[in-house]
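Count along the sequence shown from 1, add 25, and you get the number used in this note's numbering.
We put the beta carbon where it would ideally sit given N, CA and C, even for glycine.
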Amino acid sequence: MSYALVFPGQGAQSIGMLQPLAEMSAIIADTYAEASEALGYDLWAVVCDGPESKLNSTEYTQPAILVGSVAVYRMLRSGQFEIEGFSGEAPVAVAGHSLGEYSALCAAGTVQLGAAARLVAERGRLMQAAVAGMDTAMAAVLGLEDQDVINVCEHLSQTMGQKELVAAVNFNCPGQVVIAGTKKAVARASEQLKGEGAKRIVPVPVSVPSHCILMKSAAEELAEAIETAVVSAPAVPVIQNLDGEVAQDLKTVKDKLVRQLYTPVQWVSSMQTLLRYQPTVVLECGPGAVLSGLLKKIDRSVSVKALSRASEWRAAGEAAANEVAG
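In structure tokens, the structure reads:
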């Protein structure tokens, strides 16, 4: 049986996330401890105790989610547990949504945990600095065609003046597009999109407008840190958000990581590419279960499991023991 992995991005965070898994295995807390040493502060304490405003600040959100995702991946590969559909071999392909691409690259051996934690913390710091003094927002638009959302955003960006901007930045699944930009423009777009027939507009709990042109200066500054941290070619196929294509070489990986910061996430295309590898099951590796839901909307036939759910795990040998006992 073959499997693929997907890793979540910002928005998956919550106070106490992964604590049920931490009660099952020391790997979770140990992985956070390793990253905390690299970062110079106790990241696990931020995850467990907050406050929520701190965890939702992107310079903390990003390492918290990345480290949690890598911790779940390590737990998966530890041999201590059994997951239905998990073969123990390497995945046939991996992908991560936005920030999750860095987690996917960790799983593929392209970047080490400590370096990755520092890199995404710096990514968060630069993203926050890029919009310092600005009111910004992100929101998920449900129930419209992609092009309808694009058209409204483009029209408003052209007519609201130079200081206002809104763009379609995440194409998550059919009928779900995330928009980002200045707070006023996102609010105006939300109202217009409701008028166009959007079923719901859901605010995204992040402190920066990811994947729009407001992030270009952050991307340019991040390029040097990416060059230093990302040092090895992927050991398994990594599908990158920028275009939904498999990373071909290390130079391309780095270039797309830079451009990803101010370019839309093509998640539907990414998942279509991943499913061409014909995994028996897709495992969502990290906090939350957002990607599992998106994937079922992209392809209802796919088998997907969110590993943040303690019910998906059982101790190695437990099933065999139960069979003998039965």
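Next on the checklist: Just to confirm the assignment, what range does the alpha helix (DSSP H) spanning H226 have?
Outcome noted: Within the sequence shown, numbered from 1, the residue matching residue 226 stands at position 201. One detail in the question is off: residue 226 reads as Ile in this sequence, not His. Run containing I226: none in the alpha helix (DSSP H); it sits in the beta strand (DSSP E), R225 to P228.
Checklist entry - For W292, which of S333, A193 and A254 has the nearest alpha-carbon? => result Counted from its first residue, the sequence shown places residue 292 at position 267. Nearest to W292 by alpha-carbon distance, out of S333, A193 and A254, is A193.
Item to check | Three or more C-beta pairs below 8 Å linking the stretch 210–218 and the stretch 262–270 | outcome: Judged by Cβ distances under 8 Å, the stretch 210–218 makes no contact with the stretch 262–270, as fewer than three pairs qualify.
Item to check | Residue of L282, P259 and A115 minimising C-alpha distance to Q273 | outcome: As a working note, residue 273 is residue 248 in the sequence shown. Closest by alpha carbon: P259.
Checklist entry - Do K224 and D160 have their CB atoms nearer than 9 Å? => result As a position in the sequence shown, residue 224 is number 199, starting the count at 1. As a position in the sequence shown, residue 160 is number 135, starting the count at 1. Remark: C-beta atoms of K224 and D160 do not approach each other more closely than 9 Å.
Item to check | Secondary structure of N81, DSSP reduced to three states | outcome: Sequence index remark: in the sequence shown, residue 81 carries index 56 (1-based). DSSP, reduced to helix, strand and coil, places N81 outside both helices and strands of the structure shown, so it counts as coil.
Next on the checklist: Check this for me: beta carbons of P228 and A165, under 9 Å apart or not?
Outcome noted: As a working mapping, residue 228 is identified with position 203 in the sequence shown. As a working mapping, residue 165 is identified with position 140 in the sequence shown. Contact: yes.
Checklist entry - Exposed or buried, K276, counting other C-beta atoms within 10 Å across all chains shown (16 or more means buried)? => result Reading the sequence shown from its first residue, position 251 is the one you call residue 276. Burial is judged here by how many other beta carbons sit within 10 angstroms of a residue's own beta carbon; K276 has fewer than 16 and is exposed.
Item to check | Bridge-paired residues (DSSP) for Q291 | outcome: One-based indexing of the sequence shown puts residue 291 at position 266. Paired residue(s): F196.
Item to check | alpha helix (DSSP H) segment containing A54, residue limits | outcome: Here residue 54 corresponds to residue number 29 of the sequence shown, with the count starting at 1. Per DSSP, the continuous alpha helix (DSSP H) segment holding A54 begins and ends at I52 to L64.
Item to check | Terminal residues of the beta strand (DSSP E) in which Q303 lies | outcome: Taking the first residue of the sequence shown as position 1, residue 303 is located at position 278. Looking at the DSSP string, Q303 is not in any beta strand (DSSP E), and its letter there is neither H nor E.
Item to check | N195 versus A58: straight-line alpha-carbon distance, rounded | outcome: Here residue 195 is taken as the residue at index 170 of the sequence shown, counted from 1. Here residue 58 is taken as the residue at index 33 of the sequence shown, counted from 1. The alpha-carbon atoms of N195 and A58 are separated by roughly 32 Å.
Checklist entry - Does DSSP classify R325 as helix, strand or coil? => result Position 300 of the sequence shown, counted from the first residue, corresponds to residue 325. When secondary structure is reduced to three states using DSSP, R325 falls in the coil class, being assigned neither helix nor strand.
Next on the checklist: Quick check on DSSP: helix, strand or coil for K352?
Outcome noted: Absent from the structure is residue 352, since the part of the chain shown begins at 26 and ends at 351.
Item to check | Cα-Cα separation between L30 and M163, rounded to whole angstroms | outcome: Against the sequence shown, residue 30 aligns to sequence position 5. Against the sequence shown, residue 163 aligns to sequence position 138. As the crow flies, the alpha-carbon of L30 is around 26 Å from that of M163.
Checklist entry - Excluding the five sequence neighbours on either side, which residues of its own chain have a C-beta within less than 6 Å of the C-beta of L299, listed in chain order? => result Residue mapping note: residue 299 aligns to position 274 of the sequence shown, counting from 1. Residues of the same chain with a CB within less than 6 Å of the CB of L299, apart from the 5 flanking positions on each side, are A29, A118, A120 and I264 in chain order.
Checklist entry - G351 to S333, Cα distance in whole Å? => result Taking the sequence shown and counting its residues from 1, the one referred to as residue 351 is at position 326. Taking the sequence shown and counting its residues from 1, the one referred to as residue 333 is at position 308. Low confidence applies here, because G351 scores a pLDDT of 46, under 50, leaving its location unreliable; read the following figure in that light. One C-alpha to the other measures close to 29 Å.
Checklist entry - Taking the DSSP output, what are the residues bridged to F106? => result Taking the first residue of the sequence shown as 1, we reach residue 106 at position 81. Answer is A340.
Checklist entry - In the structure shown, what three-state DSSP assignment does A29 receive? => result Taking the first residue of the sequence shown as 1, we reach residue 29 at position 4. Looking at A29 - three-state DSSP - the assignment turns out to be strand.
Item to check | Neighbourhood of T86 by C-beta, 6 Å cutoff - its chain only, sequence neighbours within 5 removed | outcome: Translated into positions along the sequence shown, residue 86 becomes position 61. Result list for T86: Q35 and Q38, in chain order.
Checklist entry - Taking just the CA atoms, how far does F106 sit from K241? => result Counting from one through the sequence shown, the residue named residue 241 turns up at place 216. Counting from one through the sequence shown, the residue named residue 106 turns up at place 81. A direct Cα-Cα distance of roughly 42 Å separates K241 from F106.
Item to check | Nearest to P116 (by Cα), restricted to the options K188, L239, E147 and G134 | outcome: Here residue 116 corresponds to residue number 91 of the sequence shown, with the count starting at 1. Nearest C-alpha to P116 among K188, L239, E147 and G134: G134.
Checklist entry - Which residues share a DSSP beta bridge with G41? => result Counted from its first residue, the sequence shown places residue 41 at position 16. Under DSSP, G41 forms no beta bridge with any residue.
Next on the checklist: Taking its Cβ as the centre, do 16 or more other Cβ atoms sit within 10 Å of V231, making it buried, or is it exposed?
Outcome noted: Walking along the sequence shown from the start, residue 231 turns up at place 206. V231 should be labelled buried.
Next on the checklist: What does DSSP give as the partner residue(s) for M163 in the beta ladder?
Outcome noted: Counting from one through the sequence shown, the residue named residue 163 turns up at place 138. According to the DSSP secondary-structure assignment, M163 is paired through a beta bridge with A205.
Next on the checklist: I need the DSSP call for I90, collapsed to helix, strand or coil.
Outcome noted: As a position in the sequence shown, residue 90 is number 65, starting the count at 1. Helix, per DSSP.
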